[in-house]
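Structure, as structure tokens:
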Ligand code: CA
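In this note's numbering, the protein residues as written are 533 to 757.
If you want it as structure tokens, here you go:
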């Protein structure tokens with residue numbers, strides 16, 4: 533697995549490179565946001581580890597820019613550990629978040645968890661890659677969503693959430709189940725993040741009725757009438 537490490541502190545980067553290589557990952561290290569964006573094409577990473585404090589660009593902007601052009605999983609690495617940053621990390625399109633200092637075992641476990649989740653999105657074992665719901669098409673193989681033929685750009689997490697909810701249209705999914713299944717147990721308690729993602733999907737699909745709120749319980753996917 534090819535992992536792009538974006539980190540301006542050489543001692544932190546060296547530690548991560550050593551750890552990833554001994555876990556049999558292939559690592560490429562860059563120290564700036566500009567180099568990170570360039571490496572997307574050149575290195576074609578399967579996962580990006582992105583430090584938020586970079587010398588040339590804000591890491592959140594780097595994350596947003598990567599997300600505009602690529603669905604590659606992103607784990608944000610930061611020294612800042614306030615809740616607001618966790619929420620922001622998810623909202624800018626990151627798939628997970630680790631706070632410095634972290635152990636290599638934790639990092640490798642997070643990388644594997646994110647890789648498993650995103651691989652699951654690409655190749656669901658139980659359903660065909662394209663599903664159609666009225667004008668909405670969800671293709672889990674190419675990770676594309678279109679509405680009446682127009683492509684809808686979702687973040688990986690929004691995509692995962694939409695796929696999850698649409699697997700059983702009409703069924704009510706409890707918040708705790710959604711957080712557990714889509715966000716992993718790490719994200720328990722951050723239901724604001726779930727609401728933000730639901731709001732973003734509704735906005736992008738142009739109709740809140742695609743994801744109906746079920747008061748006190750959770751959410752239900754349905755085709756607007
Ligand atoms: Ca830094």
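Note that the Cβ used here is the ideal one computed from N, Cα and C, for glycine as well.
Ligand 1 heavy atom lying under 8 Å from the CB of residue i
i	result
residue 565	no
residue 579	no
Per-residue DSSP class, three states only, for residue i
i	result
residue 602	coil
residue 745	strand
residue 543	helix
residue 710	helix
residue 700	coil
residue 553	helix
residue 655	Low local confidence applies: a pLDDT of 44 at residue 655 is under 50, so the model's placement there is unreliable, and no value is given.
residue 637	helix
residue 621	helix
residue 673	coil
residue 588	coil
Assigned exposure category for residue i - 16 Cβ within 10 Å defines buried
i	result
residue 741	exposed
residue 745	exposed
residue 609	buried
residue 638	exposed
residue 689	buried
residue 683	exposed
residue 599	buried
residue 542	exposed
residue 634	exposed
residue 583	buried
residue 650	buried
Enclosing beta strand (DSSP E) for residue i [first to last residue]
i	result
residue 733	From DSSP, residue 733 is part of no beta strand (DSSP E) but of the alpha helix (DSSP H) over 723 to 737.
residue 750	750 to 753
residue 682	682 to 684
residue 628	628 to 631
residue 581	579 to 583
residue 559	558 to 562
residue 664	662 to 665
Span of the alpha helix (DSSP H), counted from its first residue to its last, around residue i
i	result
residue 573	565 to 575
Check: Using the beta carbon as the reference atom, which residues fall closer than 7 Å to any heavy atom of ligand 1, ordered along the chain?
Finding: 539, 540, 541, 583, 585, 586
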